[in-house]
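Counting in our numbering, the sequence shown tops out at residue 145, every number present.
Since the structure comes first, as structure tokens, the remarks are kept for the end.
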Amino acid sequence: MAASHAILRRYEKHCGRRGDRPEIEDSDWNNEIEGACCELAVTIWQGIPWTGVGGLRAKDAGEFEVKWTRHNGRGGLIVHKHMDDDSKYILFDGKAPRYTFVGWAYGRDAKQEKYLQKAGYYLMPRDHLRKNINVKDASTTDSGQ
């Protein structure tokens, strides 16, 4: 199911229907598939529906936007300028079917000037992400990292 959804995402991007999603590096089908599998895994873990499969603007998993990095053990959170400042972006790494929680941040926290990259997106290092989360209960606290 996740792989099929990833292929549809990729197809829509190549047809110009996802102009809000610029290529920032060598992204391939595997990135799309792992990202979708991670979204699905998080929703299964939380016991909630995979809302991201329903539309391009839907949150991926309840209150969270699920992000996955292929840079296992070292990748950070990528946030684009157009992404919602008030959304909670939760980062995982690993490979299907095992993903590891890295941390989370509000969009506004990730969009600090110090994280802005030359390519126009923000890259928040993993050690700057908040760790205080109970993903199972989909609850977060705002009391720092």
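Even for Gly, the Cβ is constructed at its ideal location relative to N, Cα and C.
**Request:** Report, in whole angstroms, the separation of the C-beta atoms of tyrosine 121 and histidine 80, which I expect to be a contact under 8 Å.
**Result:** 5 Å
**Message:** Could you tell me which whole alpha helix (DSSP H) segments of length 4 or greater appear in the segment 26–93?
**Reply:** 29–46
**Prompt:** For leucine 116, which residues from the same chain have a beta carbon less than 6 Å from its beta carbon, with the 5 sequence-adjacent residues on both sides left out?
**Reply:** Tyr122
**Asked** Do alanine 110 and leucine 77 come within 8 Å of each other at the CB atom, strictly closer than that value?
**Response** yes
**Request:** Would you tell me roughly how many angstroms separate the C-alpha atoms of lysine 118 and tyrosine 106, rounded to the nearest one?
**Result:** Here the alpha carbons of tyrosine 106 and lysine 118 stand approximately 21 Å from one another.
**Item:** Run of the beta strand (DSSP E) containing glycine 103, from where it starts to where it stops
**Value:** 98–106
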